[in-house]
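Using numbering that gives the first Met the number 0, the first residue of the sequence shown is number 0, and each one after it goes up by one.
Just below is one structure, and these are the notes that go with it.
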Amino acid sequence: MRLEDLARKMGVPAATLKRTVERYNGFVESGSDADFQRFGKAAPPRILQVPKMVSQPSLIRVPPFYAVRGYPLSRKSMGGLAIDLECRVINDEGKPVQGLFAVGEVAGFGGINGSAGLEGTFLGPSMFQGRLVGRKIAADQPPISPQTVPTRRRKPGQAACADCHPLAQLVGSPRPGFYHFERAHAIVVERSLSCQVCHAEMAPFEPGDHKIDRAAQIDTCAVCHLSTTRSQ
């Protein structure tokens, strides 16, 4: 394919493409790229000085000629938000901003890789910084103690539960993110089970002041998953 044909396929003026190629060939013959410093004395030092890996510029004179559409993008940030050793973002005074953390690319990867980062080398620093943040957040939180499940299950009365939680209506109207709730409570409705079978942690029942304890609910999985009469 000639340059004129290539220019037509690229959608650019043929004369402009020809001048660009002639200018590039002049750089190759002189041994220095004056436009982008891709080769020659002005070229930046290469990280890997391996002869076979250093591309040698060639003249563009013998057809067929080809063109490739490029999509420039930014692969990483060499800087980012300033952070301390606990990945807390620091302000202009060097003091941490309360509750604001930064990890990974937004924090410049903590400068761990310098300017020699390759594909995949950002994963380690990102995970490492994420663990630091998780440890810091966990250390700042008060300890969580799940409610104790009473050994004796008490029945506050199904009417009290049904007034606020009409199960038949709730399981009959599918909602995104409620698959397990709807499936489990469909079994409750089918078997006419008491709410206290799975929510005994709320005994003694206090209207207006009760909540589900997710940790205590783990003990109720057997109600559906180990029952010989469970629904299919």
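Heads up, the beta-carbon is just placed ideally off N, CA and C, and yes, glycines get one too.
Since this is a predicted model, take the numbers as computed values, not measurements.
- Checking the DSSP bridge columns, you'll see Ile-136 has no partner listed.
- Contact annotation: Ala-14 and Arg-7 have beta-carbon atoms that are not nearer than 9 Å.
- The Cβ neighbour count for Glu-200, taken over all protein chains shown within 10 Å, is at least 16; the residue is labelled buried.
- In the three-state reduction of the DSSP assignment, Gly-93 falls in the coil class.
- Here DSSP, grouped into helix, strand and coil, assigns Arg-174 to coil.
- Taking the Cα positions, Arg-174 is about 44 Å away from Gly-69.
- Rounded to whole angstroms, the gap between the alpha carbons of Ser-31 and Leu-58 is 13 Å.
- Take Val-96, set aside five residues on each side of it, and the residues of its chain with a beta-carbon closer than 8 Å to its own are Arg-87, Val-88, Ile-89, Asn-90, in chain order.
- Here Cys-163 is exposed: its Cβ has fewer than 16 other Cβ atoms, across all protein chains shown, within 10 Å.
- Of Ala-158, Ile-186, Val-222, Arg-60, the smallest CA-CA separation from Lys-17 is found for Arg-60.
- With contacts defined as CB atoms closer than 9 Å, Val-105 and Leu-131 fail to qualify as a contacting pair.
- Pro-124 sits buried, since 16 or more C-beta atoms from the chains shown fall within 10 Å of its C-beta.
- Under the three-state reduction of DSSP, Val-88 is assigned to strand.
- Put simply, the backbone Cα of Gln-168 is about 38 Å away from that of Pro-142.
- Under DSSP, the beta-bridge partners assigned to Ile-82 are Val-88.
- For Gln-216, the uninterrupted alpha helix (DSSP H) run begins and ends at 213-216, by DSSP.
- Here Phe-100 is bridged, per DSSP, to Arg-87.
- Pairing Val-196 with Leu-166 gives a Cβ-Cβ distance that is not under 9 Å.
- The beta-carbon separation of Ala-66 and Leu-5, rounded to 6 Å, stays under the 8 Å limit for a contact.
- Take Gly-39, set aside five residues on each side of it, and the residues of its chain with a beta-carbon closer than 7 Å to its own are Gly-30, Ser-31, Asp-32, in chain order.
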